[in-house]
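Novice:
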Amino acid sequence: MKIKATNIMLYFLVLTFISCAVCNRVYVHPFNLYAYGQYNCNISTKGTETSLIKKAFIPLPIEHETSSEKLKMYAKTFQEHHYPEKKNQETKNRLRVLVKLLNFLGLRIYGNWRDRRSSGSENIFFSPVAIFESLVTLFLGANNQTAIDIQELLGLTKGPNCTFISGVISDLQDIRNLVLENGSGFHLSTISWIFSNHGISLSEQFVNDTEELWGTGYVRAVNFTKPEQARDLINAFIDATSAGKVKKILKDVSSSTTLLLANFAQFQGKWGRILQSQKAGHQDFWINPIRKVPVSMLSQSGKFQYKRDEEGKFSLVKLPLGGNIAMLVIKPSGGSDLENIESNFFTEYSVWMQNMTSRHMNIYLPKISIDASYNLKEILINMNLAKILGEHAEFRRISDTKLNIGKVSISKTLELEEKQEETDVENFQQSNSSDILEIKLNKPFLLVAFEETTEAVLFLSRIVNPNNST
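Numbering-wise, the sequence shown is residues -23 to -1, 1 to 447 according to mature numbering (1 follows the signal peptide of the UniProt record, and there is no 0).
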């Protein structure tokens, strides 16, 4: 009863505060008071110690590892990291608290990012999980006011005396466990990279925590005073250590940089659990009322959760990806505008997913392969939070040296392909053909993937042109 009441309270809070955030961009986190007490602070921000680092090391120079043979060796070792341990109900209940923070912040940043795009004619691919984990990475190395600013942005505590939140890393890993358990056909791979200027020592604790958070991590030193050379060396190293999944992530590097962080998340899904997803051939996809492009379509027939809003502005279909993962497809209808639907999504996400009904359907969905990269530093500037990575920012839990974090690059890929296995179609074939609803996604739509146990939003994407990879 207590849990139910808490969930109701959180629901009304999120509607109220997301609306405020969308309107005026002033950030007030609705879950601070609730999250406080779910996590414990075990390190004080305001120490007078000469050093906050117990043990440090100087990373290996990247220049020593750029031979073609050594880079090929990295490509062979890249692999997905699975965490098969299943979690009990108490853990899952606790994770829902963290997920509410994660989703709220992710949707807010997505709205800010979308509003600053040049037009509504571009694909957008965004991962609230990757953004949250990137901010947690910064938090692990921050101290004093910088740590307080980041923790308030994350919504992890209410007070100024807590800087390190124990349990957050393990809880983020637990969310990943839920993504990968139960034989999910959905695959998630993550990597982090840390590049420091030559001669700068780094905290072993920070590096270890970062690797624990992301699953795979690399740390190297590079000479940032030669920015073009540093850019090329870093791009080649990231390309090799991601098995070619991340290419030329950096377009430029500042010579004043002393630390650069990068991370990568790869989402791979094979759509179809009821029937085989198969190529439906090339069909027209209307980018706008006067322009169309031929796209490869996947088709599937079966029984899916469906909902049409009362005003007839959009319809939703929930598509299982296996295990605990599902996709929510949001299709505008009746001449409604995709951007207006996006704006309402921020406040209505949980409501939209309620009272969906099961329908026999034929669904046509474009084959999708999208990659996107962005700099977290630019996102924070656009949100009037430049000071978090600004000139006076303090990261003495990363290094005793005063750091200038040039970039925090986030790269992601999404691949949605057809499933190869055949499944039993008898039950569907027996249904009355007049009851079958056809949904053809041949116009711009929204695609949201989430973990069903906690409702963690793994990614959300605006698909305007499926043929564009970005």
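Just so it is clear, CB atoms sit at the ideal spot from N, CA and C, and this is done for glycine as well. Given the structure is predicted, the values throughout are model-derived calculations rather than measurements.
Check A207 in the structure and name its three-state DSSP category.
Specialist: In the structure shown, A207 sits in a helix (DSSP, three-state: H, G or I).
Novice: Tell me where the beta strand (DSSP E) around Q282 begins and ends.
Specialist: That run of the beta strand (DSSP E) goes R268 to R285.
Novice: What does DSSP give as the partner residues of I440 in its beta bridges?
Specialist: Note: I440 sits in a beta bridge opposite F422.
Novice: Measure the alpha-carbon distance for G144 versus Q150 and round it to whole angstroms.
Specialist: Taking the straight line joining both Cα atoms gives about 10 Å.
Novice: Report the option in F163, D92, P105 and V272 whose CA atom is closest to the CA atom of L82.
Specialist: Nearest C-alpha to L82: P105.
Novice: Can you give me the start and stop residues for the alpha helix (DSSP H) that R336 sits inside?
Specialist: No alpha helix (DSSP H) contains R336, which is instead part of the beta strand (DSSP E) from T334 to P343.
Novice: Taking just the CA atoms, how far does R85 sit from Y(-13)?
Specialist: Because Y(-13) sits at a pLDDT of 39, beneath the cut-off of 50, its placement in the model cannot be relied upon, and the following sentence gives the value as read from the coordinates. Y(-13) and R85: Cα-Cα distance of roughly 16 Å.
Novice: On the CB-based measure, 16 or more other CB atoms within 10 Å of its CB, does V184 come out buried or exposed?
Specialist: With 16 or more other Cβ atoms within 10 Å, it is buried.
Novice: Given a threshold of 16 other Cβ atoms within 10 Å of its Cβ, counted over all protein chains shown, does D148 qualify as buried or as exposed?
Specialist: That one is buried.
Novice: Where does T390 fall in DSSP's three states?
Specialist: The answer is strand: DSSP assigns T390 an E or B state.
Novice: Alpha carbon to alpha carbon, what distance is there between Q282 and M333?
Specialist: Approximately 6 Å between the Cα atoms of the pair.
Novice: Is the beta carbon of S173 closer than 8 Å to that of L179?
Specialist: Taking 8 Å as the Cβ cut-off, L179 and S173 qualify as a contacting pair.
Novice: Looking only at DSSP bridge pairs, what is D261 linked to?
Specialist: P271, per the DSSP bridge assignment.
Novice: Do E319 and R93 have their beta-carbon atoms positioned less than 8 Å apart in this structure?
Specialist: The answer is no: Cβ separation not under 8 Å.
Novice: Ordered along the chain, which non-local residues of its own chain (more than five positions away) have a Cβ less than 8 Å from that of S335?
Specialist: Excluding residues within five positions, the ones whose Cβ falls inside 8 Å are K280, F281, Q282 and Y283.
Novice: Buried or exposed: where does R268 fall if 16 or more other Cβ atoms within 10 Å of its Cβ makes it buried?
Specialist: Burial call: exposed.
Novice: Can you give me the C-alpha to C-alpha distance between L75 and A33, rounded to a whole angstrom?
Specialist: C-alpha separation (whole angstroms): 31 Å.
Novice: In chain order, what residues of the same chain have a beta carbon less than 6 Å from the beta carbon of M50, not counting five sequence neighbours either side?
Specialist: Bear in mind that the predicted position of M50 carries a pLDDT of just 45, short of 50, making it unreliable; the figure below should be weighed with that in mind. So the list is empty, once near-sequence residues are dropped.
Novice: Cβ of T390 within 8 Å of Cβ of K224?
Specialist: For T390 and K224, no; Cβs fall outside 8 Å.
Novice: What is the DSSP secondary structure of L37, reduced to helix, strand or coil?
Specialist: In the structure shown, L37 sits in coil (DSSP, three-state: anything other than H, G, I, E or B).
Novice: Can you tell me the Cα-Cα spacing of L115 and E392, whole angstroms?
Specialist: So the two alpha carbons sit approximately 28 Å from each other.
Novice: For a test of the three-state rule: what should DSSP assign to A303, helix, strand or coil?
Specialist: A303: strand per DSSP, three-state reduction.
Novice: On the DSSP bridge assignment, give the partners of P309 in chain order.
Specialist: P309 is bridged to F291.
Novice: How should G118 be labelled, buried or exposed, when 16 other C-beta atoms within 10 angstroms of its C-beta is the threshold for buried?
Specialist: Buried, by the Cβ-count rule.
Novice: Hey, is the segment 300 to 315 in contact with the segment 424 to 438, meaning 3+ C-beta pairs nearer than 8 Å?
Specialist: Judged by Cβ distances under 8 Å, the segment 300 to 315 makes contact with the segment 424 to 438, as three or more pairs qualify.
Novice: Buried or exposed for T202, please, with buried defined as at least 16 other CB atoms from any protein chain shown within 10 angstroms of its CB.
Specialist: Exposed: under 16 other Cβ atoms inside 10 Å.
Novice: In three-state terms, what does DSSP make of E99?
Specialist: Coil at E99, not helix or strand.
Novice: If you draw a straight line from the C-alpha of N361 to the C-alpha of L29, how long is it?
Specialist: For N361 and L29, the distance between alpha carbons rounds to 29 Å.
Novice: Below 7 Å CB to CB, which residues in the same chain sit around K53 once its five sequence neighbours on both sides are set aside?
Specialist: Low confidence applies here, because K53 scores a pLDDT of 42, under 50, leaving its location unreliable; read the following figure in that light. Excluding sequence neighbours, K53 sits near nothing in its chain.
Novice: Distance, Cα to Cα, E368 vs K290?
Specialist: In a straight line, the C-alpha of E368 is about 47 Å away from that of K290.
Novice: Measure the beta-carbon distance from L131 to V113 and round it to whole angstroms, keeping in mind my assumption that it falls under 8 Å.
Specialist: Yes, they are in contact, since the Cβ atoms of L131 and V113 sit about 7 Å apart, within 8 Å.
Novice: What is the DSSP secondary structure of L165, counted as helix, strand or coil?
Specialist: Correct three-state label for L165: strand.
Novice: Report back the beta-carbon spacing between M338 and I416 to the nearest angstrom; my notes put them in contact at under 8 Å.
Specialist: Contact holds; Cβ gap of about 6 Å.
Novice: Nearest to F322 by alpha carbon, out of G246, R71 and V434?
Specialist: For F322, the nearest C-alpha among the options comes from V434.
Novice: How far does the beta strand (DSSP E) with E368 in it reach, from first residue to last?
Specialist: E368 -> no beta strand (DSSP E), and no H or E assigned at all.
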